[in-house]
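In our numbering, the protein residues as written are 233 to 793.
Glycine residues also receive a C-beta, built at the ideal position from the N, C-alpha and C atoms.
Take a look at the structure below.
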Amino acid sequence: MKKLLSSLLAATMSVSIFCLPVNAYTAHVNEGDTLNFNGATSANAFGELLNWTGVVFGNANNIIDVEGTLAVGGNFTSTRSFSLNFGAYGRNPASTEDVAFLVNGNADISGSGSVKGQTVIGTAEGNTYHLSNVTPSGTTNGQYTVANTAKYFEDAKKTAYDAKAAIEALPVNGVCEAAYGVYNFVGNPDAKTLVYNVDESNIDSYLFDFNIADGQTVVVNLTSPDTINFKNGACRINGDMTQDTLRSYNRNIILNVVNSTEITMTSGELYGILLAPDANLNGDNANVCGTTVVNGLTGTGGFELHVGFNNNFTPAISDPTPDPTPEPTAEPTPDPTVEPATQPGEDPAEGEKVNIRIDAPLKMAVAFGDGTVYYGGEMKEVIVGKEYIFQMCSVNWDNGLFDDNGNGIRGTVVYRMIAVHQKDFNELADKAKEDPERYTVKGIDIIDNVEKKIIVNCDAKDTHLETDVNNFFMAYRFHFENGDYNKKTGIDKVINKPLESLSVNLPLGSTIACKAYKGEELVDSADVFIENNSGKGIYYDVHLTSVNDYTWGQQTATPAK
Numbered sequence: 233m234k235k236l237l238s239s240l241l242a243a244t245m246s247v248s249i250f251c252l253p254v255n256a257y258t259a260h261v262n263e264g265d266t267l268n269f270n271g272a273t274s275a276n277a278f279g280e281l282l283n284w285t286g287v288v289f290g291n292a293n294n295i296i297d298v299e300g301t302l303a304v305g306g307n308f309t310s311t312r313s314f315s316l317n318f319g320a321y322g323r324n325p326a327s328t329e330d331v332a333f334l335v336n337g338n339a340d341i342s343g344s345g346s347v348k349g350q351t352v353i354g355t356a357e358g359n360t361y362h363l364s365n366v367t368p369s370g371t372t373n374g375q376y377t378v379a380n381t382a383k384y385f386e387d388a389k390k391t392a393y394d395a396k397a398a399i400e401a402l403p404v405n406g407v408c409e410a411a412y413g414v415y416n417f418v419g420n421p422d423a424k425t426l427v428y429n430v431d432e433s434n435i436d437s438y439l440f441d442f443n444i445a446d447g448q449t450v451v452v453n454l455t456s457p458d459t460i461n462f463k464n465g466a467c468r469i470n471g472d473m474t475q476d477t478l479r480s481y482n483r484n485i486i487l488n489v490v491n492s493t494e495i496t497m498t499s500g501e502l503y504g505i506l507l508a509p510d511a512n513l514n515g516d517n518a519n520v521c522g523t524t525v526v527n528g529l530t531g532t533g534g535f536e537l538h539v540g541f542n543n544n545f546t547p548a549i550s551d552p553t554p555d556p557t558p559e560p561t562a563e564p565t566p567d568p569t570v571e572p573a574t575q576p577g578e579d580p581a582e583g584e585k586v587n588i589r590i591d592a593p594l595k596m597a598v599a600f601g602d603g604t605v606y607y608g609g610e611m612k613e614v615i616v617g618k619e620y621i622f623q624m625c626s627v628n629w630d631n632g633l634f635d636d637n638g639n640g641i642r643g644t645v646v647y648r649m650i651a652v653h654q655k656d657f658n659e660l661a662d663k664a665k666e667d668p669e670r671y672t673v674k675g676i677d678i679i680d681n682v683e684k685k686i687i688v689n690c691d692a693k694d695t696h697l698e699t700d701v702n703n704f705f706m707a708y709r710f711h712f713e714n715g716d717y718n719k720k721t722g723i724d725k726v727i728n729k730p731l732e733s734l735s736v737n738l739p740l741g742s743t744i745a746c747k748a749y750k751g752e753e754l755v756d757s758a759d760v761f762i763e764n765n766s767g768k769g770i771y772y773d774v775h776l777t778s779v780n781d782y783t784w785g786q787q788t789a790t791p792a793k
């Protein structure tokens, strides 16, 4: 428990290290130009691939947000709102004078959106492309430039396959220890390159836990030939789960898909270089931060490509001096913030069990990584000291249910819960009170608002997991300019029958696709990022921190991400 205390309460917040993204294609392209790909060098096996946030060799569909730049070798289609190259958190986009969006085939964008930077398309006819923010100078028609792009993608694809072959020739010199959904990557901290194999195809309720030394490259070979499913997961690097820290390792980690041709991501996140030139990626309420190289890409329910902060680092994939493969110990290296009550191979029944009541906001549910769903008031048996992963969900208002088969929406934020006894809780609470900006401390629990972790006092008189507070959800009220009469808001899977003056509880930190109707006619749509305590909830001129108001047609309302 001492390790738990010291690492949990290392409350030093990471300092934002926003660095300017590199430019994907550092030049302004004129009509009829031929684009040339800068390939691998002795120092960089990826060449210009790393300059892009996403490289898709086939078709790409319905990506709602690309924080950096995107290259698509086939066609790009979007029926939803679309934004590109606005940077992390809307800050520091790459140069708007260089190419930000490159499409070899056709671009068909029927939703709203904007691109900061030049758009270059390789096919002159058949494009539907009318965005609100473009770089018109030197373009073919004021919106995009038509140029010769086919050779660029041919050379880029060859470079991707060459890099993949070089990676797969590296010897495995690390061990991945998996227990309770935590994938702990163990290796020599002095090795220049660490290489791991993960053979699983269903990676559910996961936490990828890395320890990465300065200048070190980590390769994770995903070797399953079946569809690889990432669901309900998160990452931790050197004991830290803050966004700024995770984003600073965008080039240190290489996730190499060896055999599979299909990848799905549901309510999860990955950091690093996702190298999968043979695979089609389908993402739902998920994101990849770094560089994504895939054959095809389709987003459903909200999929995003995020930029990292360390674009000066070049991953090393030359053959390292093989380190002796460490033998797994009887007791694996514990999670830096958790001392497991049971170890892999032990019967979980041997751990001390307690019952915790699960509370949920109105018309919401708490979905745990083990597949159980709680609507409020039910008891859950847990093992003291064991970590449990959960997510907040909005239910289907028609039947009050949540599942992954069309009822409700699962939030994208992954929380972790652990139950401890009174003595340990008191010590944790005393230290957490020293940093009130990070921790919310109550008699029954401690909420770490940075690492999204909840410590529950299992000895409290009314012990429960309290999610019906605004650390976990936000009430949103939807209105229209000039009145709400006969104007409605709907949310697929939640509000299937659109309602006037809708007020709905939604999972915090998630992007929710919302629709506006006049009568029965769809008149607008937006991807609304659910944030808390913005002061945008207004009721009789009093600002409420427990409610946010979204007014259709007002760009100053709670922003669509």
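Quick test of your reading: residue i and residue j, contact by CB under 8 Å. State the CB separation rounded to the nearest angstrom.
{"i": "Leu-478", "j": "Cys-408", "result": "That belief does not hold up - the Cβ atoms of Leu-478 and Cys-408 are roughly 19 Å apart, past 8 Å."}
{"i": "Ile-341", "j": "Thr-360", "result": "6 Å"}
{"i": "Gly-528", "j": "Gly-290", "result": "4 Å"}
{"i": "Ala-392", "j": "Val-646", "result": "Not quite, the Cβ-Cβ distance comes to about 30 Å (not below 8 Å), so this is no contact."}
{"i": "Val-605", "j": "Ala-320", "result": "Contact flag wrong, Cβ pair sits at about 33 Å."}
{"i": "Met-473", "j": "Glu-683", "result": "4 Å"}
Taking the alpha helix (DSSP H) that residue i belongs to, which residues open and close that run?
{"i": "Glu-386", "result": "382–400"}
{"i": "Gln-475", "result": "475–479"}
Measuring CA to CA, which of the options is closest to residue i?
{"i": "Asp-503", "options": "Asp-510, Ala-277 and Asn-519", "result": "Note on identity: in this sequence residue 503 is Tyr, with Asp being the wrong assignment. Of the listed residues, the one whose Cα sits closest to Tyr-503 is Asn-519."}
{"i": "Lys-383", "options": "Thr-266, Asp-472, Tyr-708 and Asn-689", "result": "Thr-266"}
{"i": "Gly-583", "options": "Ala-597, Asp-591 and Glu-619", "result": "Glu-619"}
{"i": "Ala-423", "options": "Gly-349, Val-288, Asn-429 and Ile-444", "result": "Ile-444"}
{"i": "Tyr-412", "options": "Asn-293, Ser-437, Asn-689 and Leu-594", "result": "Ser-437"}
{"i": "Lys-725", "options": "Glu-263, Val-287 and Ser-626", "result": "Ser-626"}
{"i": "Gly-643", "options": "Glu-536, Phe-705, Glu-400 and Trp-284", "result": "Phe-705"}
{"i": "Tyr-708", "options": "Gly-419, Leu-594 and Leu-426", "result": "Leu-594"}
{"i": "Ala-398", "options": "Asn-764, Asp-700, Asn-488 and Ile-650", "result": "Asn-488"}
{"i": "Asn-338", "options": "Gly-305, Ser-315 and Val-331", "result": "Gly-305"}
{"i": "Asn-543", "options": "Ser-310, Asn-268, Gly-279 and Asp-602", "result": "Gly-279"}
{"i": "Ala-748", "options": "Ala-661, Ser-499, Ser-733 and Asn-737", "result": "Ser-733"}
{"i": "Thr-524", "options": "Glu-666, Trp-284 and Ile-295", "result": "Trp-284"}
Exposed or buried, residue i, counting other C-beta atoms within 10 Å across all chains shown (16 or more means buried)?
{"i": "Pro-739", "result": "buried"}
{"i": "Pro-556", "result": "Note that Pro-556 has pLDDT 49, beneath the 50 cutoff, so the model's placement of it is unreliable and no number is given."}
{"i": "Asp-677", "result": "buried"}
{"i": "Gln-786", "result": "exposed"}
{"i": "Ser-274", "result": "exposed"}
{"i": "Gln-448", "result": "buried"}
{"i": "Pro-403", "result": "exposed"}
{"i": "Gly-722", "result": "buried"}
{"i": "Glu-299", "result": "buried"}
{"i": "Asn-780", "result": "buried"}
{"i": "Ser-735", "result": "exposed"}
{"i": "Ala-259", "result": "exposed"}
{"i": "Asn-637", "result": "exposed"}
{"i": "Glu-713", "result": "exposed"}
{"i": "Lys-463", "result": "buried"}
{"i": "Asn-179", "result": "A question about residue 179 goes unanswered here, because the residues of the chain that appear run from 233 up to 793."}
{"i": "Lys-655", "result": "exposed"}
{"i": "Gly-419", "result": "buried"}
{"i": "Pro-554", "result": "Here Pro-554 scores only 45 on pLDDT, less than 50, and its place in the model should not be relied on; the value that follows carries that caveat. Exposed."}
{"i": "Ala-401", "result": "exposed"}
{"i": "Lys-720", "result": "buried"}
{"i": "Trp-784", "result": "buried"}
Could you give the first and the last residue of the continuous beta strand (DSSP E) run that contains residue i?
{"i": "Thr-523", "result": "501–538"}
{"i": "Lys-585", "result": "585–591"}
{"i": "Gln-623", "result": "619–626"}
{"i": "Lys-747", "result": "743–750"}
{"i": "Thr-498", "result": "494–498"}
{"i": "Ile-486", "result": "485–489"}
{"i": "Ala-597", "result": "596–600"}
{"i": "Ala-548", "result": "Careful: Ala-548 lies outside any beta strand (DSSP E) and carries neither H nor E."}
{"i": "Asp-635", "result": "Note, Asp-635: premise wrong, no beta strand (DSSP E); not H, not E."}
{"i": "Trp-185", "result": "Examination of residue 185 is not possible in this model, given that the chain is present from 233 through 793 alone."}
{"i": "Arg-312", "result": "Counting along the chain, Arg-312 falls outside any beta strand (DSSP E), and DSSP gives it neither H nor E."}
{"i": "Ala-466", "result": "466–469"}
{"i": "Asp-756", "result": "753–761"}
{"i": "Glu-613", "result": "610–615"}
What I want to know is whether the C-beta of residue i ends up closer than 7 Å to one or more non-hydrogen atoms of the ligand PLP.
{"i": "Pro-421", "result": "The ligand PLP is absent from the structure shown, which contains no ligand whatsoever."}
What beta strand (DSSP E) runs, 3 residues minimum, are completely inside the region 264–307? The region 264–307 contains these whole beta strand (DSSP E) runs: 286–288 and 302–304.
Could you tell me which uninterrupted alpha helix (DSSP H) segments, each at least 4 residues in length, are contained entirely in the region 650–734, listed from first to last along the chain? You should have 654–664.
Within the region 396–461, ranges of the beta strand (DSSP E) (whole runs, at least 3 residues): Whole beta strand (DSSP E) segments, 3+ residues: 407–411, 414–418, 425–430, 434–436, 439–442 and 449–454.
Considering only residues of the region 316–350, which uninterrupted beta strand (DSSP E) runs meet the minimum length of 3 residues and lie entirely inside it, listed in chain order? Taking only runs of at least 3 residues, the beta strand (DSSP E) segments lying wholly in the region 316–350 are 331–335, 339–341 and 345–347.
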